[in-house]
Structures are given as structure tokens and as C-alpha cells.
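I have placed the structure first, in the form of C-alpha cells, so that the comments after it can refer back to it.
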Amino acid sequence: MMRSIRLPSVRSLRDAQQRAVAEGALALACYLALALLVTWPLALRFNTELFGGIGHAPGRFGFVGDEEAGLHLWHLWWVSEALLHGRNPFWTNLLFYPDGVQLYVQTLSAPNAVIALPVYLLAGPVAAFNTVIVLGFALTGFGVFLLARRYAGGLWGPLLCGALITLGPFHLGQLQNSHVNLFSMQWIPLYMHALTLLDKRGGRWRIGYAAGIAALVVLSDWYWAAVCGALTIVWMLTQIALAQERRALARRYALFAAGALLVLAPLIAGIIANWRSIPLAGGPRSEIWEAYVRYSSADLFGLFFPSVYHPLWGAQVERMLRPIAEPFAPSGWYVAAGWTLAALAIIGVWSSWRRALHLLIVGVCLWVLALGPTLWVLGRDSGIPMPYAWLDRLPLFGAARKPALFIAPVLAILSVLAALGLDALRQRLPSDWRAAPVVVAAVLAAFELWLPPGRVFLPLERPAVYEQIAMRPGAVADLPLDVLETSRTLRNQMVHQQPIIGGYIARRPVYESFSIPLLHAIGSMQALPDDDIAPLRQSDLMAMQCFAPVRHAVIRTDLTTQREQTNLEQTLTRLTGRPVMPAYADAQYRWYELPLFPDACQSFIYPGKGWHAIERNAEMTLYRWADAESQIIVANPHSTPFPARVSFKLAAYQTTRRIEVWRDGRRLGSWDVSPAPRTYTMLLPVERGINPFTLRAPAAPDPQSNRMISIVAFHMDVDHPEPLEGK
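The numbering used here puts the sequence shown at residues 3 to 729.
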């Protein structure tokens, strides 16, 4: 006799779906309430001050946080303004004037700006920034809740696990250092939740949903894009290896990849178009970069470090961690999970490892990547090579720079295991006592994650001088420049909304135009030489001002020395031909408005990289020695290219040397330079803008100066033909 199989009715399925939606709405409401509670009294200051973190708490590791907060406030402002005015948010000419800068692999967090755009329109950038903070708490918890519920089911266990992650030490650490891009960690669990839906048969909406979340991950932050890229590969390979219907699963994965690439096509096209200006991090790198990667790697036991933010023992933990991995701050490698979460996850592994075998494999693989290029054990670099050392050399991937961030999906996996552990404990108890494990775990978590009172709020100043500059459009030299990672000039730019020299972004570009002598003298506030191997006459300075006109020079007098202020005034006096007077002055600011010289545009030449400092011989003749490779740069202000007639007065070191001229990998010419000074002339093709040419000549050691030198230049100049478009 055959047994009948009872299938769930349409009504029961509908009831289950409605119950799931109601529980999801309840969970989201709980996390929003928790976010408002943790950030209180932020709700009372929502559009007046930026939320800067937990006050009276250790764990800032030396960072004040307001500079990073200002950077991410600028990101919100720029993306919002770009979207509202139909501009490309991944390229801006407001920074690093006049070159502009790509923002494709910066910490832009574009989805945050899109989500907060209604708030931006209604209440401005400060309220939008605080909205992102509140949502960072709420949506991170909610994403973990959705992921944990896929495996453990129920409401209260996944709800608690979401709170353990969003209030956990790792997540809180990103807030304390105002890393808003990393604090918006919700994309990690939401993406993992999308992958779990993709693993099951179902409607095409699953593929579309997963592709959309993948696009949001990539657009949110390059760190998270790199993390989720590795997560995706390990996840899919593991699932295909464990699946019975491998072909069908591989087909769904292929459709998902195609959908994600389709959604990201505009971004990919922009990256390809700006390939040369994007830091690939796949080639030779500086020692500072290598050290940054090494000291941003998790410790072997880092998951089990105690919370540094606890009011009872946090200060002691901070004192213990701070000397480790000097001179870099521990904020780069502090990845503590929290003991309550870790204990519940261990119970989950013990009781339910078969149900989450693929998660265990993925978690272990990503944890190994989080350990970085070499293994750290209790703060000591063992020197044992790790797999990340190979991945770190891949183009674009290496730009992530922070291996410890691979711990984010590991924490999400721990939350799933913790939910399974809670469920296992509940099933072993009588029905009347099944709430006890959740209650006990919540009490323990409340004690462990207890935060001290007090919150940090950062005011956004609007100095009067920038209000005036806003009414007189033109590029601004906001001095001193952001050379020590400060977002002061970005915050000022949100007031005057003009292009600025320099800028503060995560990955600084090659700033070619800053080598223009006048621009460099203004931006660095260093003395402009009286003369150089390229002429620095007033007409040449006026040509430089016409090429890259700086209309406003603003000095923050309390942040600059009297020598720097004098240097700037002398440079401006040489440019204008008369003593300069400030257009505005108060206790902190001095503003000079400069003439633009629109009729003085002509080509000019100046030395670039590879030249030693100016020297003079006994006859006071001025000269510069060159390395084996040195640059000459010809600036063309005209829209039409032309052959520039360049003259050099050169001599070779000790013996005749062959000199070659190169541009973009192509040799343009060569000639022999003798030890006797002589003038040489050459026609060089110049495009509109900055045209760097490389001089190559064999170098030899000079025993007197202990340096490698090849040729010496006494003078260089370029003819000034009429612009071709004028003929």
C-alpha cells in the first residue's frame, strides 16, 4: 500500500511567506531602534553635527576620526551633487586641479549616497551622513539576520546574532575610526544571503537579485569588492564540489555572473577608459605600501582578542595591543569577533557542521586570506608565507591593501554557526525552557558589548571667507594643502564648491600638473627660484597662470609658518609685478584674489623628475645635473598640437654620451653630447596640456657628490609660435 505524500497547500505557503515578511519587518524595526539607542542623542542633532563614534571609550588607536568623517562626508556630497546634475560620480575635476582625478577605486561608497539622497535633498549633507551611520548599524544587523535565518530558521536566534555582529568589536572599530565605507558592512551579509538564494532552484528573480546585490557591493567600496570577489570564487567552487546537480548549479552561477557584468558594464567601461590613471598595485611598490599591507593583516588569534571598547577592561586591552606591530595603529588588524559570538559558533560547529559544511570551508579559506602575506602570531611576524602574498600582486586586487577585512564574511559565517548553536541548545531543552539559551546569550552579550556613555559629535564649520569665494568662481589654493591626510580642504570645498589644488583621497594619483613651477610654488609655499635652467620670467609665470589659472589663494595662518606666508607673497608679487594685498583677512584666514592673464597663454618648458638641485659654479653660472633618466615637460595651452622647437644647452659628464628622447614608449631622436657645453635644437610633437619627454643617457658615479649623473643642463627653452587655430 502506497503512503500518500502531503504537499503544503498554497494557503500554507502564503501564510509562511507573510510570516517571514512580518518577522523581517520586525527585525528591521528592532535594528533601527537599536541604532538610534546606541547613537543617542544623535536623533536630536541629526542635521547639525556629524556622528563621530562612542565617547569616553578606548580603542580609537590614536585617530581622532574627524578627518575620515570629513572625507566620507565629501563623498556623500560629491556623489549626490553629481547625480543631481547628471555628472559621472566616478570622475571629478574638483580635486587635483587642473588634472582631475578618477574615483573608480576610491572609498566612494556610492550606494550610501543613493540611499541617503532623499535626506540630502531635504536636510543637507550632514543629515545624509548621519543617516548612513544609522543605516550602517541597522542594515548590517538585518543582513546578518536574513543570512542566519536561511540556515537556522526562527526569529530570536538570528535576531540576536545580527545584534552580535552590528555591535561587535570589529564593526564598532570601523565607526570609531570614522571609516564609513567599511562601517557600511551590510553589503557582505546581504550578498551572502543572495548567494544562498542562488544555490537553490527557483525563479529568475533570484539571479537578478544576486546580480543586483553584487553590483551594489562593487559600487560600495573597492575593499568590499575585493573581499566578495574572493568569497564568490571560494563559495561557488565549494558548492559545485558538494552539489549533486552540478551542471544546473554551474548554469545558474554563469547566468548570475553575466547579469552582474551587465549591470556593472558602465563602471567597467569607465575603468577601461581611465586605465592609466587607476592604481593597479600589480607592479613595484614602495616600502611604505608593503608595510601597510603587512601591518593590516589579522593575527592568528585575532578573532579571540577581547573587546577593546568595554568600559571595564578596554583600556587594559588597548595598552596591550598598542605596542604590537608598531608603528602602524592596531585599527588596521584588530578583528575581534566577541566571545559570546565565538562561543555560540563553536557550539554550532560541534552540533551542526554537516548542515553548514560549505560555510565552514568558505570561512576557513577567507580567514586564511585575512592573515595577510605572512603569518602573525600574537603580534609577532613569523615570516611564514601565506596565500595572500600571491593574490596581492594581482592588478586591481592589490589596491585593496587591507587583508584583515577578509574577516567580515568570516564574521557573517560565525553568526550563522552561532544561530545553529542556539538552535541546537534550544532543541535539547523542554519546550517551556527553549527561550532560555537565547535569553542567557543575550544577557552575556549585553555585558560583553556594553558601551560606555557619551558620544562624539563633530561640528561642520563654514568659514566666512569660503562663503565669499563661492560667489567668485575659480580654482582655489587652500593652504596648507592636504599632505598629511586631512579633509579640511574637502570640507571647505563643500562651502565654496570650486576646484582645489591637491586633495585628500585614499589612493593619491600621479599629479602631473603640480610640477608646474608656479603651481608648485603656490601649493607648497616654497620659495620660487630667482632663475632655473628653464626661464622663470614674469611672462613665463603669467603663461603658467593662464595655463592653470588659480584665482584664489587662501592661507590658514595658524597652520602655516611666517616663512611660508612670506614665500607665497613673494611668488604672487613676481607673478603680478606689484606687491599683493589680501582681499580678506581675519584672525585665521588671509585670502588673495589673483589675476588670470587670459591673454598671456603661450607654451612653456620646465624640468620634471630626474634632475638634481640647482647649482652654480665659480662664475655663478646656473646648472642642473641629470640622472640616467630625466624629464623635460612642455606645456601647450592651445587646443591644437604643434611641433615645438626646443633648445638645450648641455654637456656630458667626463666623456661623450649618447642621449635619447622618449615619449610614451617611443624614441623620438638621439644625438651625442660632448663634455664641452653646446646648444642643441630639436622639434618635439606636443599635444594640448602637459607633455613629458624623457631624456636617457648613460650615468656614471661622481665620487665628489656620491651620486649617479649623466649630463648637465645650463639652459632650456621653447619657442612660442602663434596657436595654429589662430591662423
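Even for Gly, the Cβ is constructed at its ideal location relative to N, Cα and C.
query	result
Spatial distance of L46 from M322 (CA atoms)	37 Å
Where the beta strand (DSSP E) containing G461 begins and where it ends	Checking the sequence shown, residue 461 turns out to be Pro, not Gly. Unbroken beta strand (DSSP E) run through P461: 457-461.
Enclosing alpha helix (DSSP H) for P268 [first to last residue]	267-275
Boundaries (first-last residue) of the beta strand (DSSP E) holding Y468	Here Y468 belongs to no beta strand (DSSP E); instead the alpha helix (DSSP H) covers 466-471.
Length of the line joining the Cα atoms of A732 and M496	The requested residue 732 is not part of the displayed model; the chain covers only 3 to 729.
Supposed contact pair V688 and L638 - C-beta distance, whole angstroms, cut 8 Å	In the sequence as displayed, the identity of residue 638 is Asn instead of Leu. Right, their Cβ atoms sit about 5 Å apart.
Under 8 Å between C-beta atoms of R690 and H640	yes
Through-space distance from W80 to A344, alpha-carbon basis	40 Å
Coarse secondary structure for S515, derived from DSSP in three states	helix
Sequence ranges, beta strand (DSSP E) only - wholly within the region 363-430, length at least 3	376-379, 382-387
Length at least 3, wholly inside the region 155-205: the beta strand (DSSP E) runs in chain order	none
Beta-carbon gap between D223 and S515 smaller than 8 Å	no
Whole-angstrom distance between F644 and S712, CA atom to CA atom	30 Å
Bounding residues of the alpha helix (DSSP H) (the contiguous stretch that carries W291)	289-296
Exposure label - V720; buried when at least 16 CB within 10 Å	buried
Three-state secondary structure assigned by DSSP to Y655	coil
Reduced DSSP category for F449 - H, G, I as helix; E, B as strand; rest coil	helix
Boundaries of the beta strand (DSSP E) in which D629 is found, first to last residue	Counting along the chain, D629 falls outside any beta strand (DSSP E), and DSSP gives it neither H nor E.
A213 beta carbon less than 8 Å from that of G261	yes
Cβ neighbour criterion (16 or more within 10 Å) applied to G205	exposed
CB of T559 within 8 Å of CB of Q567, strictly	yes
Buried or exposed (CB count within 10 angstroms, at least 16 for buried), P705	exposed
Option in I535, L123, E289, G55 with minimal Cα separation from Q178	G55
Beta-carbon contacts of P160 that lie in its chain and below 7 Å, excluding the five residues immediately before and after	F147, A150, R151, A154, A421
Limits of the alpha helix (DSSP H) - the one that H498 falls within	490-498
Simplified DSSP state of V229, which is helix, strand or coil	helix
Chain D within 8 Å of P91, Cβ atoms only	Checking the listed chains, one finds no chain D in this structure; it contains a single protein chain.
Identity of the residues DSSP links to R565 by a beta bridge	In DSSP, R565 forms no bridge with anything.
Simplified DSSP assignment, three categories, for G64	Any answer about G64 is weak, because its pLDDT of 48 lies below 50 and its placement is not dependable; what the coordinates show is given next. If DSSP states are grouped into helix, strand and coil, G64 belongs with coil.
Any 3 or more C-beta pairs closer than 8 Å across the region 351-362 and the region 237-257	yes
Backbone CA spacing between S526 and Y594 [nearest angstrom]	16 Å
For N693: DSSP bridge partner residues	V636
Span of the alpha helix (DSSP H) around R739	No answer is possible for residue 739: it lies beyond the span of the chain, which begins at 3 and ends at 729.
Distance between I117 and M187 (C-alpha atoms, nearest Å)	14 Å
Beta-carbon spacing of S632, K611 below 8 Å	yes
Per DSSP, cross-strand counterpart(s) of G671	V663
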